[in-house]
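Structure first, then comments.
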Amino acid sequence: MYKIMTAGPSQVRENVRMARALETTNPDIDVDFVEYYKSLCDKLQAMVNSTGTAYILGGEGILGLEAACASLTEPSDRVLVLDNGVFGHGFADFVTMYGGQPVFFESDYKKAISADELRAFLEKDSDFKYATVVHCDTPSGMLNPIDEICPVLAEYGILTVVDSVAGMFGEPVDVDGSQIDILCGGSQKCMSAPPGLTMVWVSDKAMEAMLARKTPIRSFYANLLTFRTYYEDKWFPYTMPISDINGLGVAIDNILADPDIYDRHAKIASATRQAVTEAGLTMYADGAYSNTVTAIEVPEGTTDKAILKVLKEKYGIMISSSFDVFAGKLIRIGHMGESANAADTRQTLAALDDAFAMEGISLKCSLAAAFDKAL
88 MYKIMTAGPS QVRENVRMAR ALETTNPDID VDFVEYYKSL CDKLQAMVNS
138 TGTAYILGGE GILGLEAACA SLTEPSDRVL VLDNGVFGHG FADFVTMYGG
188 QPVFFESDYK KAISADELRA FLEKDSDFKY ATVVHCDTPS GMLNPIDEIC
238 PVLAEYGILT VVDSVAGMFG EPVDVDGSQI DILCGGSQKC MSAPPGLTMV
288 WVSDKAMEAM LARKTPIRSF YANLLTFRTY YEDKWFPYTM PISDINGLGV
338 AIDNILADPD IYDRHAKIAS ATRQAVTEAG LTMYADGAYS NTVTAIEVPE
388 GTTDKAILKV LKEKYGIMIS SSFDVFAGKL IRIGHMGESA NAADTRQTLA
438 ALDDAFAMEG ISLKCSLAAA FDKAL
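Here the sequence shown stands for residues 88 to 462, numbered as in our numbering.
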């Protein structure tokens, strides 16, 4: 087995794996399961300070992003797409797929979205039904200040859809305080459960907008309204993946039992970044770093594939390369959830020390030693 230090999925604790092996009931007709599902949704609401409604959907995290766009978008709706990364830009595909008209607010891919620059843009054009925002743009490790961005959008009456799949529970998220209308998360990042589930938090305003549509939602599986009355009806729109949800329930409890979770992520991330910088390597983002992912520029003289091969084949450690506009340019260490611990991160950096040496890349100091010193 490999040690998973990728930018998601993350490592999974044994109690989560065991929960997924429990004997299952029929979730379609067992009212006890409905109550259990509701209890998890209630916990999720409290964990991100949401007075809206949380739902757990049977599908990988991307389902939540598509479902948000599918459920809000009507033909010809203008949608503002905040674009400073691969996933930020990619939201436009969902908007177009469901008949909307994406309009880009483009920003430097090395910098976080500026709330002031966004406000200046909106002063000239604010006729948008909703806006899409990425919290942590995972391909580059970029972190956007959703607590500043979303309130600006709310000033102009624009609903917000926030992708925090790779951010939440490694970075604080306050749904009500940040005036987020739909928040999207996934099971496989800082939740430290296997891939297969997405969570969405829906504000009352977003629900009202869905109910006020003039046209039907052009999807069934990606239709958030199908879940709206599940608890009253004791009926789900499709058979829920009960084993996955059992595992998620334990993962949620693991997080709730970890009061230092945000400090832990911040400490590990900061020490990693300091080690990278002291070793003479280059962080990608210009200061807007997520505490869940560290993206490092591949130095001249080697390739991302060569580095990843050494780590995987010699040390049994998996880290990530990147893709799209960053293909071949970055390697990424995921210190998220169960993977955000000193021992595994140090082991990964020590393996990188060796990989760079094997590739003939001279570092100014040992990554592992600099990490230990920074801690």
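The beta carbon of each residue, even a glycine, is placed where N, CA and C say it ideally should be. Source: prediction; values computed, not measured.
State buried or exposed for Gly-367, treating a residue as buried only when at least 16 other CB atoms are found within 10 Å of its CB. Counting from one through the sequence shown, the residue named residue 367 turns up at place 280. Exposed is the call here.
Whose C-beta lies closer than 6 Å to the C-beta of Asp-170 among residues of the same chain, with five residues either side of it excluded? The count along the sequence shown starts at 1 and reaches residue 170 at position 83. Counting only Cβ-Cβ distances below 6 Å, and skipping sequence neighbours, we find His-176, Phe-191 and Glu-193.
Leaving out five residues on either side along the sequence, give the residues of the same chain with a beta carbon under 6 Å from the beta carbon of Phe-181. Numbered from 1 along the sequence shown, position 94 holds the residue referred to as residue 181. Glu-153 and Cys-156, listed in sequence order.
Measuring only the C-alpha atoms, how far is Ala-429 from Met-255? Within the sequence shown, the letter at position 342 stands for residue 429. Within the sequence shown, the letter at position 168 stands for residue 255. The straight-line gap from Cα to Cα measures roughly 20 Å.
CB-CB under 6 Å to Glu-235, same chain, minus the five flanking residues each way: which ones, in chain order? Position 148 of the sequence shown, counted from the first residue, corresponds to residue 235. Here the set comprises Ala-202.
Simplified DSSP state of Ala-207, which is helix, strand or coil: For the purposes of this step, residue 207 is taken as the residue at position 120 of the sequence shown. DSSP places Ala-207 in helix when its eight states are reduced to three.
Pull up the distance between the alpha-carbon of Glu-311 and that of Met-294, whole angstroms please. Residue mapping note: residue 311 aligns to position 224 of the sequence shown, counting from 1. Residue mapping note: residue 294 aligns to position 207 of the sequence shown, counting from 1. For clarity, residue 311 is Leu in the given sequence; the question names Glu instead. Distance between the alpha carbons of Leu-311 and Met-294: 9 Å.
With three or more beta-carbon pairs closer than 8 Å as the criterion, would you say the region 427-443 touches the region 320-340? The answer is no - the region 320-340 does not touch the region 427-443, with fewer than three Cβ pairs under 8 Å.
What is the DSSP secondary structure of Ser-306, counted as helix, strand or coil? Residue 306 sits at position 219 when you count from the first residue of the sequence shown. It is coil, neither helix nor strand.
Looking at the structure shown, is Ser-194 part of a helix, part of a strand, or coil, going by DSSP? The residue you call residue 194 lines up with position 107 of the sequence shown. Three-state result, Ser-194: coil.
Cutoff 7 Å; reference Glu-365; Cβ partners in own chain excluding five residues on either side: Within the sequence shown, the letter at position 278 stands for residue 365. Lys-451, Cys-452 and Ala-457, listed in sequence order.
Touching by the beta-carbon criterion (3+ pairs, under 8 Å), the region 270-283 and the region 133-150: yes
Which parts of the region 239-300 are runs of the alpha helix (DSSP H), unbroken and 4 residues or longer, counting only runs that do not cross its ends? 262-265 and 291-298
Is the beta carbon of Cys-237 less than 8 Å from the beta carbon of Gln-266? Position 150 of the sequence shown, counted from the first residue, corresponds to residue 237. Position 179 of the sequence shown, counted from the first residue, corresponds to residue 266. In contact: Cys-237 and Gln-266 (Cβ atoms closer than 8 Å).
According to DSSP, is Leu-230 part of a helix, a strand, or is it coil? Translated into the one-based positions of the sequence shown, residue 230 becomes position 143. Looking at Leu-230 - three-state DSSP - the assignment turns out to be strand.
Given a threshold of 16 other Cβ atoms within 10 Å of its Cβ, counted over all protein chains shown, does Phe-307 qualify as buried or as exposed? Position 220 of the sequence shown holds residue 307. Sixteen is the threshold: since fewer than 16 other Cβ atoms of the shown chains lie within 10 Å of the Cβ of Phe-307, the residue is exposed.
Just verifying my parser: in three-state terms, what is the DSSP assignment at Thr-379? In the sequence shown, residue 379 corresponds to position 292, counting from 1. Coil.
What's the gap between the Cα of Met-423 and the Cα of Asp-331? For the purposes of this step, residue 423 is identified with residue 336 of the sequence shown, where counting begins at 1. For the purposes of this step, residue 331 is identified with residue 244 of the sequence shown, where counting begins at 1. Approximately 20 Å, taken between the alpha carbons.
Just verifying my parser: in three-state terms, what is the DSSP assignment at Arg-468? In this structure the chain extends from 88 to 462, so residue 468 is not present and cannot be described.
For Lys-396, does the count of other Cβ atoms within 10 angstroms reach 16, so buried, or fall short, so exposed? Start at 1 with the first residue of the sequence shown, and residue 396 comes out as number 309. Exposed, by the Cβ-count rule.
Roughly how far, in whole angstroms, is the beta-carbon of Ile-404 from the beta-carbon of Tyr-196, given that I think they are within contact range, below 8 Å? Looking up residue 404 in the sequence shown gives position 317. Looking up residue 196 in the sequence shown gives position 109. In fact, because the Cβ distance is near 28 Å, the residues do not count as touching under 8 Å.
Looking at Ile-418: is its Cβ nearer than 8 Å to the Cβ of Ser-408? Here the question's residue 418 lines up with position 331 in the sequence shown. Here the question's residue 408 lines up with position 321 in the sequence shown. Cβ distance < 8 Å, so Ile-418 and Ser-408 count as in contact.
Looking at C-alpha atoms only, which residue of Lys-399, Glu-446, Thr-379 and Phe-174 is the closest neighbour of Pro-386? Here residue 386 corresponds to residue number 299 of the sequence shown, with the count starting at 1. The candidate whose alpha carbon is nearest that of Pro-386 is Glu-446.
Report the residue from Leu-209, Pro-226, Asp-224 and Leu-230 whose alpha carbon sits nearest the alpha carbon of Ala-218. Here residue 218 corresponds to residue number 131 of the sequence shown, with the count starting at 1. The shortest Cα separation from Ala-218 among Leu-209, Pro-226, Asp-224 and Leu-230 belongs to Leu-209.
Whose C-beta lies closer than 7 Å to the C-beta of Arg-300 among residues of the same chain, with five residues either side of it excluded? Here the question's residue 300 lines up with position 213 in the sequence shown. Counting only Cβ-Cβ distances below 7 Å, and skipping sequence neighbours, we find Glu-161.
So Ala-333 and Leu-167 are in contact, right, with Cβ under 8 Å, and what is the actual spacing, rounded? The residue you call residue 333 lines up with position 246 of the sequence shown. The residue you call residue 167 lines up with position 80 of the sequence shown. What sits at residue 333 in the sequence shown is Asn, not Ala. At roughly 39 Å, the Cβ-Cβ gap does not stay under 8 Å, so Asn-333 and Leu-167 are not in contact.
Ordered along the chain, which non-local residues of its own chain (more than five positions away) have a Cβ less than 6 Å from that of Gly-187? By one-based count along the sequence shown, residue 187 stands at place 100. These residues qualify, in order along the chain: Thr-160, Asp-164 and Val-166.
Through-space distance from Ser-279 to Leu-150, alpha-carbon basis: Taking the first residue of the sequence shown as 1, we reach residue 150 at position 63. Taking the first residue of the sequence shown as 1, we reach residue 279 at position 192. The alpha-carbon atoms of Leu-150 and Ser-279 are separated by roughly 18 Å.
State the DSSP-derived secondary structure class of Met-184, mapped to helix, strand or coil. Counting from one through the sequence shown, the residue named residue 184 turns up at place 97. It is helical.
What are the boundary residues of the alpha helix (DSSP H) that includes Val-221? The residue you call residue 221 lines up with position 134 of the sequence shown. First-last for Val-221: 217-221, but that is the beta strand (DSSP E), not the alpha helix (DSSP H).
Measuring straight from C-alpha to C-alpha, what distance separates Leu-131 and Tyr-123? Walking along the sequence shown from the start, residue 131 turns up at place 44. Walking along the sequence shown from the start, residue 123 turns up at place 36. Going from the Cα of Leu-131 to the Cα of Tyr-123 covers about 13 Å.
Along the chain, where does the alpha helix (DSSP H) containing Ile-116 start, and where does it finish? Here residue 116 refers to the residue found at position 29 of the sequence shown. Ile-116 -> no alpha helix (DSSP H), and no H or E assigned at all.
Considering only residues of the region 397-456, which uninterrupted beta strand (DSSP E) runs meet the minimum length of 3 residues and lie entirely inside it, listed in chain order? 417-421
What residue from Phe-413, Val-221, Leu-205 and Val-252 has the CA that sits closest to Ala-179's CA? Mapped onto the sequence shown, residue 179 falls at position 92. Out of Phe-413, Val-221, Leu-205 and Val-252, Val-221 has the C-alpha closest to the C-alpha of Ala-179.
Per DSSP, Glu-140 forms a beta bridge with which residues? As a working mapping, residue 140 is identified with position 53 in the sequence shown. Note that residue 140 is Thr in the sequence shown here, rather than Glu. DSSP output for Thr-140 lists Val-289 as bridge partner(s).
How about Pro-226 and Phe-443: do their beta carbons lie closer than 8 Å? To locate residue 226, count along the sequence shown from 1; it is residue 139. To locate residue 443, count along the sequence shown from 1; it is residue 356. It is not a contact, given that the beta carbons lie outside the stated cut-off.
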